[in-house]
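Residue numbers (the working numbering): 1 to 160.
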């Protein structure tokens, strides 16, 4: 199509545009003028809240993540790997100051995206499983905060 270009190019532009809108909310935690643990806590909290508002991106990564295609390559190379590198660096900085559970970064990211993200993007399923108001717009932010607290408690065990 002359007007819009190739379908693949349109898909790339649409994904890049959407991610450019949504990513800064979470990524801002990396650049806060705070110590590493505070930044990590804010990052996890922000991601959980982000998941309540960006189910379309979570759904896209769930679908594309199940197939080895150029689309998955684009998402991983352009967005996931840069985020993972920054998260690895942040986790390393926290580890230099205190114990951190030895969960791998890919596993942590899966808990965030396919766990917390799916929880908020698959509202009809959660409703059928009995989540009730936990996932509705009025309660999602509070539930996101509880999920972030749960993940952080597991990731950052009490210092002995």
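Glycine included, each C-beta is placed from N, C-alpha and C at the ideal position.
CB-CB length for residue i against residue j, believed under 8 Å
i: residue 48; j: residue 100; result: That pair is no contact at about 18 Å.
i: residue 61; j: residue 88; result: No, residue 61 and residue 88 are not in contact; Cβ-Cβ is about 19 Å, not under 8 Å.
i: residue 11; j: residue 67; result: With 8 Å as the limit, residue 11 and residue 67 do not qualify as a contact, their Cβ atoms being about 14 Å apart.
i: residue 29; j: residue 42; result: 4 Å
i: residue 152; j: residue 111; result: Not quite, the Cβ-Cβ distance comes to about 11 Å (not below 8 Å), so this is no contact.
i: residue 130; j: residue 139; result: Incorrect: roughly 14 Å between the Cβ atoms, too far for contact.
Three-way DSSP call (helix, strand, coil) for residue i in this model
i: residue 149; result: helix
i: residue 9; result: helix
i: residue 32; result: coil
i: residue 1; result: Unreliable positioning characterises residue 1 in this predicted model, as indicated by a pLDDT of 48, which lies under 50. A coordinate reading is not provided.
i: residue 62; result: helix
i: residue 139; result: coil
i: residue 16; result: helix
i: residue 24; result: helix
i: residue 155; result: helix
i: residue 51; result: helix
i: residue 187; result: What is shown of the chain runs 1 to 160, which leaves residue 187 out entirely.
Of the residues the options, the one placed nearest residue i, counting alpha carbons only
i: residue 58; options: 15, 133, 136 and 131; result: 15
i: residue 79; options: 149, 23 and 142; result: 23
i: residue 136; options: 146, 124 and 147; result: 124
i: residue 53; options: 18, 150 and 127; result: 18
i: residue 94; options: 56, 119, 159 and 8; result: 159
i: residue 109; options: 6, 20, 76 and 157; result: 76
i: residue 86; options: 132, 127, 36 and 133; result: 36
i: residue 113; options: 144, 154, 69 and 34; result: 144
i: residue 98; options: 8, 156 and 31; result: 156
i: residue 102; options: 154, 46, 6 and 38; result: 154
i: residue 91; options: 38, 25 and 130; result: 38
i: residue 65; options: 118, 27 and 140; result: 118
i: residue 25; options: 13, 6, 45 and 33; result: 45
i: residue 8; options: 74, 149, 31 and 134; result: 74
i: residue 55; options: 140, 121, 81 and 133; result: 121
i: residue 40; options: 5, 84, 142 and 20; result: 84
Every unbroken alpha helix (DSSP H) inside the segment 64 to 126 [4 residues or more] = The segment 64 to 126 contains, as complete alpha helix (DSSP H) runs of 4+ residues, the segments 70 to 75, 81 to 95, 105 to 110 and 118 to 121 (chain order).
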